[in-house]
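Participant: First, the structure itself, so that you have it in front of you.
2 protein chains.
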Amino acid sequence: MNGMCVATYRCFDEKADFHKRALSIAVGLTVGSWTELPEARKAEMEKHLGKVLSVEVHEEAGKERYADIRIAYPDINFSRDIPALLVTIFGKLSMDGRIKLIDIDVSDEFRSAFPGPKFGLQGVRDLLGVHDRPLLMSIFKSVIGYDLANLQEQFYKQALGGVDLIKDDEILFENPLTPLEKRVEACMEAARKASEETGQKLLYAVNLTGPTSQLADNARKAIAAGANALLFNVLAYGYDVLHELSKDPSISVPIAAHPAVGGAYYQSPYYGIGASVLFGKLMRLAGADLVLFPSPYGSVVMPKEENMAVKEVLLAETDGLKASFPVPSAGIHPGLVPLILRDFGQDVVVNAGGGVHGHPLGTAAGGKAFRQAIDAVLAGESLEEAARKPGAEPLQAAIDAWGIRHS
Amino acid sequence: MNGMCVATYRCFDEKADFHKRALSIAVGLTVGSWTELPEARKAEMEKHLGKVLSVEVHEEAGKERYADIRIAYPDINFSRDIPALLVTIFGKLSMDGRIKLIDIDVSDEFRSAFPGPKFGLQGVRDLLGVHDRPLLMSIFKSVIGYDLANLQEQFYKQALGGVDLIKDDEILFENPLTPLEKRVEACMEAARKASEETGQKLLYAVNLTGPTSQLADNARKAIAAGANALLFNVLAYGYDVLHELSKDPSISVPIAAHPAVGGAYYQSPYYGIGASVLFGKLMRLAGADLVLFPSPYGSVVMPKEENMAVKEVLLAETDGLKASFPVPSAGIHPGLVPLILRDFGQDVVVNAGGGVHGHPLGTAAGGKAFRQAIDAVLAGESLEEAARKPGAEPLQAAIDAWGIRHS
């Protein structure tokens, strides 16, 4: 929509006149009052007035009554940054009863202030030189209380399994045992060593932490020490912080957005911010090259439908914004790969922690089992078939340990 | 607790073994794994291990089964900043089913990294020279689309009513009609003019907006232009941003934290972050001198019990942290003043928008009616009595318009 950002709300109420409610939102969050304004003033204020685009009331016997309300907010009312957008469309309103922000469509003008992901999906593929298959990411197992030598060894074993990306644990902060730059050096050395054996490239997303005003400096230090990607707890800092990091030309590596604290927003059907906005629209707008979010398969779950909505939003053709790589996470083992690829296609990062480290034949075999599962699916083979082939012991052992989920 | 920060979770589940769940949180969010560690390693890792402090299971027929679980996290595991704290105690966990973070108790060591409110409740009173009564704050009515002359006039009328603080609307961003520094100059001029009539001081909390990295500069510009307070949409930016602004010595005015977007966190009983953490513990730790939050009286409501918990947390004696001024907001009119003072005592800011501007005798009378209501309560008079006194027309008109709520 030209010159207006559109918010969609799901609003639950047994009795409310939803059309009246919509109008009161559109007026209340923009010009404040309308009907009592003199006509001359109305003409001047028209360009600031929110517009109700649609009100879809859902009433079904035995179900809760709700409405999906779409309101357009004139860009002229707020600055082109995510805090201003959020405060306008869901500031006071977030506290006004059972109402959830389920979608945002920003105007082209608003979006033009956001360069979006610096690398995006294709850029990450280019860095790795991998264009014909889903990527594989693994996560350190235990990190707190471990020293550099231990992290390096964990890293090396993960890398040997043929993973494309390794990410820090999001709860690893600046600490004396594995400080940022030393950690990057140790892990990148392990990456080079593994690369000699595997012949493949690898991105290490080191956790970017610290005071907000020092994040850019910390990122530059990590990059100077050799880091070729960053992990960032976006929701603990704010979308605008990600936006500023991402558009900074000196931060010349992809940023992976971690969903930590996200459950506080998206889980309730009645309150908060929907997953496709939280992990989709806003993460991509703010410039996340990869976005982690709870998968529909594992222990920390998100309903399938919401997961697919996040994916769509991250990948959809959008003027001026590169696609962000979807990284459905948590509870992933090789036996889930057919499902993941069926649901996400090839443009997905298969991301595993326990599914790599917990492999019966060890961490390196854990990565290999995933790569074998991915290859099998791409070749149109069943995992059972593929696991019987010579050299496929890692996949077979993974299937024996975790099984295969077919739906 | 020494060297550990304690989180309390409310966890709903019909069948779960909550003790097992608690242990898995304490281990999972710290050392990752425990029972399988060799004894020698356990001795080294002990200092990093989370501890289950208590598990209170609540089972009542006809009610949902839940447990309040308290876990202590060793400070050694995370850096002394709010993002690290939140990611540790409620990062991944926020996405793990029906679980809400309902309390945080940080260690003395962790808290020592936070200077807290620069002015605090007493500091704000000192600036205004008012120590013997609740303060009165008013909010601009309509601001979007209005020019400097109009804002100045609105400001003047509010100030004439004897309010102590005037705050910007939180949805007023940088704009060509009323840019930050011009707005401050125009409003502070109105403040001086009104002060000549009322003989009292006034704080103007101008809305601090813009890109995160420019906020401190914008604050300094506003202060240089004469601003003597700031309004800040903390949750749209992040607690750490408030913390950095608040501890910056050059930002030499009180900061009022607006609760915008807060409803996304606190409203669900099952998910998110409780109001006493969101508006209480973390706002005070991050340095808010005044904290706005939804009152239990008005249109945008919060249950009374949660409101009182926010108040307690903002005012409680806490080593090294000044108290923050509680500002229960939304739907406030003079007829609610007896209730507000009964619930909050004198250390409260009575905050009104419509209750000032919508007064039948005009904006200035709106402020006066509030001051008369406050004086009446402090003198032990009923509002009915006080309204019959000479000069109490503003209070009488307010009562006629909105009534008096007795409970």
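If you're matching them up, the sequences are chains S and C in order. If you count the first sequence from 1, position 209 lands on 209 in the UniProt record's numbering, and the numbers rise without skipping. If you count the second sequence from 1, position 278 lands on 278 in the UniProt record's numbering, and the numbers rise without skipping. Glycine residues also receive a C-beta, built at the ideal position from the N, C-alpha and C atoms.
1) Let me check understanding here. Comparing Cα to Cα, which of C:PHE370, C:ILE374 and C:ARG388 lies closest to GLN158 of chain C?
2) For the putative contact between SER324 of chain C and LEU290 of chain C, defined by C-beta atoms under 8 Å, what is the C-beta separation to the nearest angstrom?
3) Using alpha carbons as the reference points, say which of S:GLU174, S:LEU339 and S:LEU101 lies closest to TYR270 of chain S.
4) Per DSSP, PRO326 of chain S forms a beta bridge with which residues?
5) Taking Cβ positions, are PHE232 of chain S and ASN77 of chain C nearer each other than 9 Å?
6) Looking at the C-beta of ILE71 of chain C, does it have a partner C-beta in chain S at a distance below 9 Å?
7) Going by DSSP, what residue range makes up the alpha helix (DSSP H) through PHE90 of chain C?
8) Hey, does PHE155 of chain S have any beta-carbon neighbour from chain C nearer than 9 Å?
9) Would DSSP call LEU136 of chain S helix, strand or coil?
10) Could you check the C-alpha separation between VAL163 of chain C and GLY62 of chain C for me, to the nearest Å?
11) In terms of residues, what are the limits of the beta strand (DSSP E) holding THR8 of chain C?
12) When we look at the beta-carbon of GLY367 of chain S and count the other beta-carbons within 10 Å, is it buried (16 or more) or exposed?
13) Does any residue of chain C bring its CB to less than 9 Å from the CB of ARG98 of chain S?
14) Checking 9 Å against the spacing of the C-beta atoms, do ALA225 of chain C and GLU181 of chain C come in under that value?
15) Can you pull the chain C neighbours of THR88 of chain S, defined as C-beta to C-beta under 7 Å?
16) Tell me, please, which residues DSSP counts as bridged to VAL349 of chain S.
17) I want to verify the contact list: residues of chain C whose CB lies under 7 Å from the CB of LEU29 of chain S, in sequence order.
18) Measuring only the C-alpha atoms, how far is residue 430 of chain C from PHE344 of chain C?
19) With a CB to CB cut of under 6 Å and the five nearest residues on each side skipped, what residues in its chain are close to PHE119 of chain S?
20) Among C:PRO294, C:LEU321, C:ASP132 and C:LEU29, which has the Cα closest to the Cα of ASP347 of chain C?
21) Between GLU39 of chain S and chain C, is the shortest Cβ-Cβ distance under 9 Å, so that the two count as touching?
22) Using 9 Å as the limit for Cβ to Cβ distance, is ALA330 of chain C near chain S?
23) Consider the Cβ of HIS359 of chain S: report whether some Cβ of chain C lies at a distance smaller than 9 Å.
24) How would you list, in chain order, the residues of chain C whose beta-carbon sits under 7 Å from the beta-carbon of VAL261 of chain S?
25) Taking 9 Å as the CB-CB limit, is TYR237 of chain C close to chain S?
26) Answer yes or no: does any C-beta atom of chain S fall closer than 9 Å to that of ASN77 of chain C?
27) Could you work out which residue in S:SER382, S:VAL356 and S:ASP375 is closest to TYR156 of chain S when comparing CA atoms only?
28) Could you tell me whether the Cβ atoms of VAL206 of chain S and ASP168 of chain S are closer together than 9 Å?
29) Bridge partners for PHE232 of chain C per DSSP, in chain order?
30) Output yes or no for whether 9 Å exceeds the beta carbon distance between ASP105 of chain C and ALA67 of chain C.
31) Looking only at its own chain, which residues have a Cβ that is under 6 Å from the Cβ of MET45 of chain S, when we skip the five neighbours before and after it?
32) First and last residue of the alpha helix (DSSP H) that includes TYR239 of chain C?
33) So, helix, strand or coil for VAL52 of chain C, using DSSP?
34) What three-state label does DSSP hand ASP169 of chain S in the structure shown?
35) Is there at least one Cβ from chain C nearer than 9 Å to ASN233 of chain S's Cβ?
36) Name, going along the chain, the residues of the segment 270–299 of chain S whose beta-carbon falls closer than 7 Å to a beta-carbon of chain C.
Facilitator: The relevant details are as follows:
1) Comparing Cα positions, the closest option is C:PHE370.
2) Cβ atoms of SER324 of chain C and LEU290 of chain C come within 8 Å of each other, at about 6 Å.
3) Ranked by Cα distance from TYR270 of chain S, the first of S:GLU174, S:LEU339 and S:LEU101 is S:LEU101.
4) DSSP, once it has assigned bridges, lists S:VAL291 as partnering PRO326 of chain S.
5) Their beta carbons are not under 9 Å apart, which means PHE232 of chain S does not touch ASN77 of chain C by this criterion.
6) By this cut-off, ILE71 of chain C is not an interface position.
7) Where PHE90 of chain C is concerned, the enclosing alpha helix (DSSP H) stretches over 82–90.
8) Between PHE155 of chain S and chain C, the shortest Cβ-Cβ separation is not below 9 Å.
9) DSSP places LEU136 of chain S in the strand class (E or B) of the three-state scheme.
10) The alpha-carbon separation between VAL163 of chain C and GLY62 of chain C amounts to approximately 49 Å.
11) Here the beta strand (DSSP E) through THR8 of chain C covers 4–12.
12) Looking at its Cβ environment, which holds 16 or more other Cβ atoms inside 10 Å, GLY367 of chain S is buried.
13) Interface flag for ARG98 of chain S against chain C is set, since a Cβ pair is found closer than 9 Å.
14) Cβ atoms of ALA225 of chain C and GLU181 of chain C: closer than 9 Å.
15) Near THR88 of chain S (Cβ distances below 7 Å), the residues of chain C are ILE171.
16) Answer is S:LEU135.
17) Simply ILE171.
18) Since the first residue shown for chain C is 1 and the last is 407, residue 430 of chain C is missing from the structure and cannot be characterised.
19) If we look at PHE119 of chain S and ignore the five residues flanking it on each side, its Cβ neighbours are PRO254 and ASP289.
20) The alpha carbon of ASP347 of chain C has as its nearest neighbour, out of C:PRO294, C:LEU321, C:ASP132 and C:LEU29, the alpha carbon of C:ASP132.
21) Chain C contact via Cβ: absent.
22) It does; some Cβ of chain S falls within 9 Å.
23) When Cβ-Cβ separations below 9 Å define contact, HIS359 of chain S makes no contact with chain C.
24) Below the 7 Å Cβ cutoff, chain C contributes LEU86, VAL87, PHE90, GLY91 and SER94 as neighbours of VAL261 of chain S, in chain order.
25) Chain S contact via Cβ: present.
26) For ASN77 of chain C, the answer is yes, since a Cβ of chain S falls inside 9 Å of its Cβ.
27) With distances taken between Cα atoms, TYR156 of chain S lies closest to S:VAL356.
28) Using a Cβ distance threshold of 9 Å, VAL206 of chain S and ASP168 of chain S count as a contacting pair.
29) Beta-bridge pairing by DSSP links PHE232 of chain C to C:ALA257.
30) Result no, Cβ atoms of ASP105 of chain C and ALA67 of chain C do not sit closer than 9 Å.
31) Around MET45 of chain S: VAL31.
32) Segment 239–247, the alpha helix (DSSP H) holding TYR239 of chain C.
33) In the structure shown, the three-state DSSP call for VAL52 of chain C is strand.
34) Correct three-state label for ASP169 of chain S: coil.
35) Closer than 9 Å to some Cβ of chain C, the Cβ of ASN233 of chain S qualifies, so yes.
36) Those would be TYR270, TYR271, GLY272, ILE273 and PRO294, in chain order.
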